[in-house]
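J.:
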Amino acid sequence: MSDPIGIQIRNLYKIFGPRGGEFVSAVQGGMSKQELNDKHRHVLGLRDINLDIPAGRIQVIMGLSGSGKSTLIRHINRLIDPTAGEIMIEGQDVVRMPPAALRSFRRHKTAMVFQKFGLLPHRTVLNNVGYGLEVQGMDAAARNEIAMRWIERVGLRGFETKYPSQLSGGMQQRVGLARALTNDAPILLMDEAYSALDPLIRYDMQTVLLDLQSEVRKTIVFITHDLDEALRIGDRIALLRDGSIIQQGTGQDIVLRPADDYVSNFVQHVDRGKVVQVGSIMEPMSASNTNGHAIPEHTTLSEALRQMLSSRLQVIDVNDMANRPVGQLSLERAIAVSAGAA
Amino acid sequence: MTWLTEFPQIDNGMLRDLKRAIDDGFRNFSRSYGDAIEAVFDPLRHFLSWSENLLTDTPWPIVLLVVGLLAWGASRSFRIVFACVGTLCLIGAFGMWEDTMKTISMILTSTLMAIALGIPIGVLMSRSDRVQSFVSPILDVMQTMPPFVYLIPVVMLLGIGKVPGLIAVVIYALPPMIRLTNLGIRQVDGEVLEAADAFGSSRWQRLVKAELPLAMPTIMAGINQTIMMALAMVVIASMIGVEGLGLPVLRAISNQYFTLGLFNGLAIVGIAILFDRVSQAFGHRLQKHRGGHNV
Ligand SMILES: Nc1ncnc2c1ncn2[C@@H]1O[C@H](COP(=O)(O)OP(=O)(O)OP(=O)(O)O)[C@@H](O)[C@H]1O
Ligand SMILES: [Mg+2]
């Protein structure tokens, strides 16, 4: 497996319909999705997407149904051709790759998990999971060995000779996950890869992904409707509405500083105590006495509160990675933030 | 007032000249190229004779055994095996063994040809709407043109015999093969194909690993229809020299031998049912992965 690869998406537009190209300038000029549909019978899929996905990180994409998440992720391996824009990966524009280069890029650089699974119904679990390696030309013995490892890792040992129609939805989704992981590609595209899983298995699969991420860093684009999931695994989160990105940043950015009402609605039910780290809400050092009590800046807010209450502190020092004090947090502010008042 | 009661038609002389010009043209064409075209079909003739001899020369118990085994391999059903062997025994007992073997050989050869031609054409057709709109009307003509009409040029070119008969049968039986291959591939679930693409399948890999297997139920229905249509052509094909069960029927018509016609007709029905059941059972067995829930 090679080094992690970043993805840069620049000025990406997608307008569905036979004459999409003609309306790019109108959309750039501010025509809305509704207007485009009513007047010209074309569907605005994506509008001016600019997104830098850092190498080796998990980028979460969120948004309501129909906001364009699947459309966006399909552009990264060009299952959909954009109407305008570019997608730079390792200095190459995916949009302009000739067919052979695109095929090789898909074989070796990307793997994808599909919202509706996309399994081959006439193949057994084992042969579905080994599909990517088979297409690359690996012989059966070698690919079956790798495929079996991942089948076990997603908890489907014993089902390898079954057909997809003999499995439940959640099991089929894990077959899709194993198929993508078997490819061991540096870029992993996951379109609601966990949406059909029950909460326990879902948590397990999140852990599989995070473990994997600590062993070999992949660049992962992860679509989900579940904010807790997004906050647990996402290094960065982007929010889509009607085909536009309306906010992107870390989970804390989005929870603490929602760009508009749409975003605040998205984040209003989240447990801030578990998400927010003291480093992002601390105040400058002042004279208040902390009696030498200090916590690291990545401590969660609820943990900080617990420590302050048990030690009866009104204020606590916040230290950076090198254990130097960089700020302070007062009990008052800690309570205000966790109650959503700041 | 004749122009009202009689449809204004092209001048008789002109019409005659037109027909003659076309006929002469085609006759000249077949005179100069007939031998060459016949040579092209030589391998086909050899194959036909070979398969016919194989079936008629092999001792009947071995034929029965092989048919039984094939039926078992395709259907895994004792009922179908017994029905097949029983039907053939009955046909043999009524003195039609040799003709039946000739007909079966013909049907198998023409079905193989229809598959070999029909699947590639069907695949091309599924690839592009332009090709589809070009091929569709040709198939309409092939299916509705009375077979007697296209027998004429075939006979002019290749004379009387097995090969022209086979070609006529294939022309008649090919359209459902092409149509259902096209339809089957066009109906394949888009998300599955996206997945095949996303893992970097080449066009060929996508075709043989995803599209054809997923279209297989529809393609099998096409093969089944092709076999049935080939059997329907047996009597007509015998008019231009194809031996087999059709020939006695033809003789029965011209001499008014009702029983002879009936027996041979029933034998054709018998092998039609036999082919139908075996090919359908085979199709079902290929689809065993569809057995579970969520489908
Ligand atoms: N092939 C297509 N032709 C026309 N419009 C399309 C096509 N694919 C998607 N769209 C439109 O693009 C928009 C975004 O669809 P998309 O599938 O990306 O949504 P999504 O965010 O993935 O939603 P969900 O959460 O329901 O999966 C929708 O308005 C949809 O109707
Ligand atoms: Mg989607």
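Quick note, the sequences are listed as chains F and E, same order.
Letter 102 of the first sequence, counting from 1, is numbered 102 in the numbering used here, and no numbers are missing.
Letter 136 of the second sequence, counting from 1, is numbered 1136 in the numbering used here, and no numbers are missing.
C-beta: ideal position from N, C-alpha, C; glycine also.
Just so you know, these numbers come straight off a predicted model, no measurement behind them.
So with CB distances below 8 Å, who are the chain E contacts of residue 69 of chain F?
T.: At a C-beta separation below 8 Å, residue 69 of chain F has no neighbours in chain E, since its nearest C-beta there lies roughly 15 Å away.
J.: Go through its chain and collect everything with a Cβ distance to residue 1294 of chain E's Cβ below 6 Å, but skip five positions before and after it.
T.: Residue confidence is low: residue 1294 of chain E scores 38 on pLDDT, short of 50, so the model does not pin down where it sits. No coordinate-derived value is stated.
J.: Which bits of chain F does residue 1272 of chain E rub up against, with CB to CB less than 7 Å?
T.: In chain order: nothing, as chain F lies at least about 29 Å away.
J.: What does the alpha-carbon distance come out to for the pair residue 157 of chain F and residue 126 of chain F?
T.: About 10 Å.
J.: How would you list, in chain order, the residues of chain F whose beta-carbon sits under 7 Å from the beta-carbon of residue 987 of chain E?
T.: This structure cannot speak to residue 987 of chain E, because chain E is shown only from 1001 to 1295.
J.: Can you name the residues of chain E whose CB is closer than 8 Å to the CB of residue 14 of chain F?
T.: Neighbours of residue 14 of chain F on chain E: none; closest Cβ ~16 Å, over 8 Å.
J.: When the Cα atoms are used, what is the spatial distance from residue 232 of chain F to residue 274 of chain F?
T.: 10 Å
J.: When you get a sec, list the residues whose CB is within less than 5 Å of any heavy atom of ligand 1, chain order please.
T.: F:16, F:43, F:45, F:65, F:66, F:67, F:68, F:69, F:70, F:71
J.: Count the other CB atoms within 10 Å of the CB of residue 269 of chain F; is the residue buried (16 or more) or exposed (fewer)?
T.: exposed
J.: Compile a chain-ordered list of the residues in the region 1190–1219 of chain E whose CB is closer than 8 Å to at least one CB of chain F.
T.: 1191, 1192, 1194, 1195, 1196, 1197, 1198, 1199, 1200, 1201, 1202, 1205, 1209, 1210, 1213, 1214, 1216
J.: Taking 8 Å as the cut-off, does the CB of residue 192 of chain F come closer than this to any heavy atom belonging to ligand 2?
T.: Under cutoff, so the answer is yes.
J.: When you compare only the Cα positions, how much space is there between residue 1018 of chain E and residue 1028 of chain E?
T.: 15 Å
J.: Helix, strand or coil for residue 1242 of chain E per DSSP?
T.: coil
J.: Shorter than 9 Å from the beta carbon of residue 140 of chain F to some beta carbon of chain E?
T.: no
J.: If residue 1228 of chain E and residue 1272 of chain E are in contact, beta carbons under 8 Å, what's the gap, nearest whole angstrom?
T.: Cβ atoms of residue 1228 of chain E and residue 1272 of chain E come within 8 Å of each other, at about 6 Å.
J.: Please tell me whether residue 241 of chain F and residue 201 of chain F are closer than 9 Å, where the distance is taken between their beta carbons.
T.: no
J.: I want to see whether chain E comes within less than 9 Å of residue 65 of chain F, judged by CB atoms only; does it?
T.: no
J.: Take the Cβ of residue 1282 of chain E as the centre, count every other Cβ of all protein chains shown within 10 Å, and call the residue buried at 16 or more, exposed below.
T.: Buried.
J.: Taking only beta-carbon atoms, is residue 1285 of chain E less than 9 Å away from chain F?
T.: no
J.: When the Cα of residue 75 of chain F is compared with those of F:203, F:132, F:106, F:199, which residue comes out closest?
T.: Of the candidates F:203, F:132, F:106, F:199, the one whose C-alpha sits nearest the C-alpha of residue 75 of chain F is F:106.
J.: With DSSP run on the structure shown, which of helix, strand or coil describes residue 238 of chain F?
T.: Here residue 238 of chain F sits in strand by DSSP.
J.: In chain E, which residues lie less than 7 Å from residue 122 of chain F when you measure between Cβ atoms?
T.: 1213, 1214, 1289
J.: Drop a sphere of 10 angstroms on the beta-carbon of residue 1237 of chain E, count the other beta-carbons inside from all chains shown, and report buried for 16 or more, exposed for fewer.
T.: buried
J.: For residue 217 of chain F and residue 177 of chain F, what's the separation of their Cα atoms in angstroms?
T.: 17 Å
J.: DSSP three-state label for residue 1200 of chain E, please.
T.: coil
J.: At the level of alpha carbons, what is the spacing between residue 302 of chain F and residue 333 of chain F?
T.: Cα to Cα, the separation comes out at about 12 Å.
J.: Taking the continuous beta strand (DSSP E) assigned at residue 1275 of chain E, which residues delimit it?
T.: Residue 1275 of chain E -> not in any beta strand (DSSP E); alpha helix (DSSP H) instead, spanning 1258–1286.
J.: Could you confirm whether any beta carbon from chain E is found closer than 9 Å to the beta carbon of residue 196 of chain F?
T.: no
J.: Just how far apart, CA to CA, sit residue 255 of chain F and residue 264 of chain F?
T.: 8 Å
J.: Kindly examine ligand 2 and report whether one of its heavy atoms sits closer than 8 Å to the Cβ of residue 115 of chain F.
T.: For ligand 2, at least one heavy atom lies less than 8 Å from the Cβ of residue 115 of chain F.
J.: Could you name the residues that DSSP lists as bridge partners for residue 88 of chain F?
T.: F:8, F:93
J.: In this structure, how does DSSP classify residue 253 of chain F when only helix, strand and coil are distinguished?
T.: Note: residue 253 of chain F maps to helix in three-state DSSP.
J.: Which residues in chain E sit within 7 Å of residue 135 of chain F, going by Cβ to Cβ distance?
T.: 1199, 1200, 1201, 1205
J.: Please decide whether residue 108 of chain F counts as near chain E, where near means a Cβ-Cβ distance under 9 Å.
T.: yes
J.: Residue 191 of chain F by DSSP, collapsed to three states: which one?
T.: strand
J.: Where does residue 1182 of chain E sit, in a helix, a strand or coil, going by DSSP?
T.: helix
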